[in-house]
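Student:
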Amino acid sequence: MRYQNFLAGRFYKSKKGGFLSFISFISVIGIAVGVFSLIVVLSVMNGFTEDLTEKVIGTKAHIYISSMYGGIKDPFGTAERIKKLPGILGASPVSSSEIMIRDGDSVGGGILFGIDPESIDTVTDFGKYLIIGEPRDIKDGGAVIGSELALELSAGINDKITLISPNVKVTPSGAMVPKTVELTIKGVIKTGMYEYDKSFIYADLEDFNDLFDTGKGTATSLYVKIKDIYATRRYMDMISPLLSPGHYMRDWIDMNHNLFTALKTEKFVMGLILFMIIFVAGINIINTIVMLVQEKRKEIGILRALGSRSSGIKRIFLLQGAYIGAIGTAIGAFAGIITVVLIDVLNIRIPGGGVVYYLDVLPVRLKVLPDILVIIAGAMAISLVFSLLPASWASRIDPIKAIRHE
Amino acid sequence: MNEAMLALKGIVRSFPVAGKEELEVLKGIDLEIARGKFVSITGISGSGKSTLLHIAGGLDSPTRGDVSFNGKLLRELSDAEQSELRNTNFGFIFQFHYLIKELTAFENILLPSMIKNPKEDRERAGLLLEEVGLYARKDHYPNQLSGGELQRVAIARALVNSPRIIFADEPTGELDNENAEKVFRMLLDITGKYEHSLLLVTHNREFASEADESYRLHFGLLEKI
Ligand SMILES: Nc1ncnc2c1ncn2[C@@H]1O[C@H](COP(=O)(O)OP(=O)(O)OP(=O)(O)O)[C@@H](O)[C@H]1O
Ligand SMILES: [Mg+2]
Numbered sequence: 001m002r003y004q005n006f007l008a009g010r011f012y013k014s015k016k017g018g019f020l021s022f023i024s025f026i027s028v029i030g031i032a033v034g035v036f037s038l039i040v041v042l043s044v045m046n047g048f049t050e051d052l053t054e055k056v057i058g059t060k061a062h063i064y065i066s067s068m069y070g071g072i073k074d075p076f077g078t079a080e081r082i083k084k085l086p087g088i089l090g091a092s093p094v095s096s097s098e099i100m101i102r103d104g105d106s107v108g109g110g111i112l113f114g115i116d117p118e119s120i121d122t123v124t125d126f127g128k129y130l131i132i133g134e135p136r137d138i139k140d141g142g143a144v145i146g147s148e149l150a151l152e153l154s155a156g157i158n159d160k161i162t163l164i165s166p167n168v169k170v171t172p173s174g175a176m177v178p179k180t181v182e183l184t185i186k187g188v189i190k191t192g193m194y195e196y197d198k199s200f201i202y203a204d205l206e207d208f209n210d211l212f213d214t215g216k217g218t219a220t221s222l223y224v225k226i227k228d229i230y231a232t233r234r235y236m237d238m239i240s241p242l243l244s245p246g247h248y249m250r251d252w253i254d255m256n257h258n259l260f261t262a263l264k265t266e267k268f269v270m271g272l273i274l275f276m277i278i279f280v281a282g283i284n285i286i287n288t289i290v291m292l293v294q295e296k297r298k299e300i301g302i303l304r305a306l307g308s309r310s311s312g313i314k315r316i317f318l319l320q321g322a323y324i325g326a327i328g329t330a331i332g333a334f335a336g337i338i339t340v341v342l343i344d345v346l347n348i349r350i351p352g353g354g355v356v357y358y359l360d361v362l363p364v365r366l367k368v369l370p371d372i373l374v375i376i377a378g379a380m381a382i383s384l385v386f387s388l389l390p391a392s393w394a395s396r397i398d399p400i401k402a403i404r405h406e
Numbered sequence: 001m002n003e004a005m006l007a008l009k010g011i012v013r014s015f016p017v018a019g020k021e022e023l024e025v026l027k028g029i030d031l032e033i034a035r036g037k038f039v040s041i042t043g044i045s046g047s048g049k050s051t052l053l054h055i056a057g058g059l060d061s062p063t064r065g066d067v068s069f070n071g072k073l074l075r076e077l078s079d080a081e082q083s084e085l086r087n088t089n090f091g092f093i094f095q096f097h098y099l100i101k102e103l104t105a106f107e108n109i110l111l112p113s114m115i116k117n118p119k120e121d122r123e124r125a126g127l128l129l130e131e132v133g134l135y136a137r138k139d140h141y142p143n144q145l146s147g148g149e150l151q152r153v154a155i156a157r158a159l160v161n162s163p164r165i166i167f168a169d170e171p172t173g174e175l176d177n178e179n180a181e182k183v184f185r186m187l188l189d190i191t192g193k194y195e196h197s198l199l200l201v202t203h204n205r206e207f208a209s210e211a212d213e214s215y216r217l218h219f220g221l222l223e224k225i
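Protein sequences appear in the order of chains C and S. Taking my numbering, the leading residue of the first sequence gets 1, the next gets one more, and so forth. Taking my numbering, the leading residue of the second sequence gets 1, the next gets one more, and so forth.
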């Protein structure tokens, strides 16, 4: 065995100055706590991001096609043509606009989606999120409303709901009144996104067209679902020739750009802050090794006399840092991964979840690449870099000074 | 055979003393040690014996003068080359044993061999342990051994790489008469048997007188006795 590794191991196991000393224990714990919190916090953030992504693209489209001149004139025909392309999972016309909801004497805001009940599930998870009713129930003046909205309106199945359009109509007497439509609640949807469940209303595309005077058989947009959600560009290039001039496309990433950028930034900043814990632990490592070097001055002197090079001495003490780093990282990673798995299987409820926050259980997602790998490599690198200082100090100790004076 | 293996020429060593001029401990030492020879140095405390031994063994550098081993100047060697020289050609024994307390007697003896080559010579370490009469204590740690035993382990450690020359700085200084005698005899027997040269610093006149050449360090210079 290489003597440096051999001695480093023995020094590490020694009671004084070595692993079993209090200060070394603190260094190991420091690294472990840092690695643990990084793994848990970043996994939760991944979980949030993924959950959010899933809900965002589950209720909306992968690719949106809209027209610069009002609506799409032949949405069904266009959808049929797009569906024939490879890798397209579905295309469905969807109209959406903000509307007002009358609730007794007061009015509230909402977003009305006019959908085609036959094809909506080929592009979104609408059916999956329905907790009462079926997509086809919205035919003939039916509506599906968000669960939070239903609570707020104290509305139940078969209750009426009155929607007020921003458009106005002129009555025979010449007065201008807003257009309204009365629908019957036939279903309730719950996505788990508070914001969505609080404001979304789904109705038949024709009821939408009626309310907004957009013309029979038209839609404000076409939703397209694709196979590989991260390759939207490629699909958009394929779809483009099928569209007449004046149509344009956006993908889900573009539509939710701010949200995803914010999430990314947040994860980066959080990671940086938590890495500070490891940084502080690194300073503990310096301490630990300085103490060990003090303790081993005589041994360093004798090792030099026995023929170790100064680089050999350096390696012995560098390895101390490596051990502390490796053990701390291993403990932290193990505890972190176990915790993440437990959070996942135990479905831990968020206090106030669903009302205060958009989710009711804590979502987690362990990412080995790059998260865990970066955390482990980072912790090890910090441990080694911080050991370098005291290790090179040890390697420069004058053997004579170390040996002289008992 | 008679040519000097280790040669010191005009060695001067001075130490800076705070506020005052330099303290010149060695004032121009010439010394040659031939293969297999036993050279002893005596002198009062503080006369510079240890300083001389450290310079001869390449652990310290002289202020002026040259140390050469087999014709090569030590000061012209790199750290790696000097380390290798100490590892394979020099053996050190000090007044205090300086064994590594985390290693057993056997492992301590093996250490220079591991430094030389990761495939350490366990056989030779075992043989030497036997030679110093401590084979039964093979797996004992330094804190389980007596002063004399520790020094015997230190002797075996100095010999494991079959060095050309052994530097011993009062190896029996800490021991009682009986143990000192035993350790000294052992050192003499083994170095004689393997034709190692021996540079011994000692306070013991009797031991010193058994050397091929005996010197006294006095006012920074060597006097032959
Ligand atoms: N690094 C140093 N700085 C200043 N003075 C030193 C240093 N090293 C040694 N000396 C001085 O040099 C002198 C010789 O020291 P050295 O240890 O060589 O003596 P010695 O003959 O071995 O003594 P002893 O028999 O007590 O071991 C002493 O006066 C000592 O104080
Ligand atoms: Mg001395």
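All residues carry an ideal CB built from backbone N, CA and C; glycine is no exception. Please read all numbers here as calculations on a predicted model, not as lab measurements.
(1) I want to check one thing, is the minimum distance from the CB of S/E174 to the heavy atoms of ligand 4 below 7 angstroms?
(2) CB-CB under 6 angstroms to C/T214, same chain, minus the five flanking residues each way: which ones, in chain order?
(3) Can you give me the start and stop residues for the beta strand (DSSP E) that C/I229 sits inside?
(4) For chain S, is any of its Cβ atoms less than 8 angstroms away from the one on C/S387?
(5) Terminal residues of the continuous alpha helix (DSSP H) containing C/V56?
(6) C/L384 to S/N89, Cα distance in whole Å?
(7) With DSSP collapsed to three states, give me the class of C/D398.
(8) Measuring CA to CA, which of C/A79, C/A391 and C/L52 is closest to C/I63?
(9) In whole angstroms, give me the CA-to-CA distance for S/P62 and C/L7.
(10) Grab the span of the alpha helix (DSSP H) containing S/E32 for me, first residue to last.
(11) So S/P112 and C/L306 are supposed to be a Cβ contact under 8 angstroms. How far apart are they, rounded?
(12) Kindly indicate which residue of S/F184, S/F167, S/I166 and S/I165 has the alpha-carbon position closest to the one of S/E174.
(13) Answer yes or no: do C/K55 and C/T232 have a C-beta to C-beta separation smaller than 8 angstroms?
(14) Do S/D226 and ligand 2 come close, with the Cβ less than 7 angstroms from some heavy atom?
(15) With a threshold of 8 angstroms between beta-carbons, can C/I397 be considered close to chain S, or not?
(16) Work out the CA separation of C/K160 and C/D103 for me, nearest whole Å.
(17) Considering only C-alpha positions, which residue in the set C/E118, C/S240 and C/A377 is nearest to C/R81?
(18) S/P62 versus chain C: which residues are under 8 angstroms apart at the beta carbon?
(19) Does the stretch 361-380 of chain C come within contact of the stretch 389-403 of chain C, defined as at least 3 CB pairs closer than 8 angstroms?
(20) Going along the chain, which residues of the stretch 3-17 of chain C sit with their C-beta nearer than 8 angstroms to a C-beta in chain S?
(21) Counting Cβ pairs, one atom from each stretch, are 3 or more of them under 8 angstroms apart for the stretch 106-122 of chain S and the stretch 60-80 of chain S?
(22) Just the chain C side, please: which residues come within less than 7 angstroms of S/A80 by C-beta, in chain order?
(23) Could you tell me the distance, in whole angstroms, from the CA atom of S/E132 to the CA atom of S/R157?
(24) By DSSP, does C/M68 sit in helix, in strand, or in coil?
(25) Which bits of chain C does S/S83 rub up against, with CB to CB less than 7 angstroms?
(26) Flag S/R152 as yes if its beta-carbon sits less than 8 angstroms from any beta-carbon of chain C, otherwise no.
Tutor: Well, looking at it:
(1) The ligand content of the structure shown is limited to ligand 1 and ligand 2, which means ligand 4 is not among them.
(2) Numbered from its first residue, the first sequence carries residue 214 of chain C at position 214. For C/T214, where only same-chain residues beyond five positions count, the Cβ hits under 6 angstroms are G71.
(3) In the first sequence, counting from the first residue as 1, residue 229 of chain C sits at position 229. That residue, C/I229, is in no beta strand (DSSP E); it is neither H nor E in DSSP.
(4) Locating residue 387 of chain C in the first sequence gives position 387, counting from the first residue. Against chain S, the CB of C/S387 has no partner CB under 8 angstroms away; the residue lies outside that interface.
(5) Within the first sequence, residue 56 of chain C is the residue found at index 56, counting from 1. Unbroken alpha helix (DSSP H) run through C/V56: F22 to T59.
(6) Taking the first sequence and counting its residues from 1, one reaches residue 384 of chain C at position 384. Taking the second sequence and counting its residues from 1, one reaches residue 89 of chain S at position 89. In a straight line, the C-alpha of C/L384 is about 34 angstroms away from that of S/N89.
(7) In the first sequence, the residue the question calls residue 398 of chain C occupies position 398. Here C/D398 sits in coil by DSSP.
(8) Within the first sequence, residue 63 of chain C is the residue found at index 63, counting from 1. Answer by Cα proximity: C/A79.
(9) For the purposes of this step, residue 62 of chain S is taken as the residue at position 62 of the second sequence. For the purposes of this step, residue 7 of chain C is taken as the residue at position 7 of the first sequence. One C-alpha to the other measures close to 31 angstroms.
(10) Your numbering for residue 32 of chain S matches position 32 in the second sequence. Taken as a continuous stretch (DSSP letters only), S/E32 belongs to no alpha helix (DSSP H), being part of the beta strand (DSSP E) at L23 to A34.
(11) Here residue 112 of chain S corresponds to residue number 112 of the second sequence, with the count starting at 1. Here residue 306 of chain C corresponds to residue number 306 of the first sequence, with the count starting at 1. Rounded, the Cβ-Cβ distance is 5 angstroms, consistent with contact.
(12) Position 174 of the second sequence, counting from 1, holds the residue named residue 174 of chain S. Ranking S/F184, S/F167, S/I166 and S/I165 by Cα distance to S/E174 puts S/F184 first.
(13) Translated into positions along the first sequence, residue 55 of chain C becomes position 55. Translated into positions along the first sequence, residue 232 of chain C becomes position 232. In this structure, C/T232 does not lie closer than 8 angstroms to C/K55 by Cβ.
(14) Outside the shown range of chain S (1 to 225) lies residue 226 of chain S, about which nothing can therefore be said.
(15) Here the question's residue 397 of chain C lines up with position 397 in the first sequence. Chain S contact via Cβ: absent.
(16) On the first sequence, position 103 is the one that residue 103 of chain C refers to. On the first sequence, position 160 is the one that residue 160 of chain C refers to. When rounded, the distance between both Cα atoms is 10 angstroms.
(17) Here residue 81 of chain C corresponds to residue number 81 of the first sequence, with the count starting at 1. Minimum Cα distance to C/R81 is reached at C/S240.
(18) For the purposes of this step, residue 62 of chain S is taken as the residue at position 62 of the second sequence. Simply none; closest approach about 12 angstroms.
(19) no
(20) Y3, F6, L7, R10, F11, K13 and S14
(21) no
(22) Against the second sequence, residue 80 of chain S aligns to sequence position 80. Within chain C, the residues near S/A80 are R309.
(23) One-based indexing of the second sequence puts residue 132 of chain S at position 132. One-based indexing of the second sequence puts residue 157 of chain S at position 157. For the sequence presented, residue 132 of chain S should be read as Val rather than Glu. About 10 angstroms.
(24) Against the first sequence, residue 68 of chain C aligns to sequence position 68. Looking at C/M68 - three-state DSSP - the assignment turns out to be coil, as it is neither helix nor strand.
(25) In the second sequence, the residue the question calls residue 83 of chain S occupies position 83. Simply G307, S308 and R309.
(26) As a first step, residue 152 of chain S is located in the second sequence; it is residue number 152 there, counting from the start. Closer than 8 angstroms: no.
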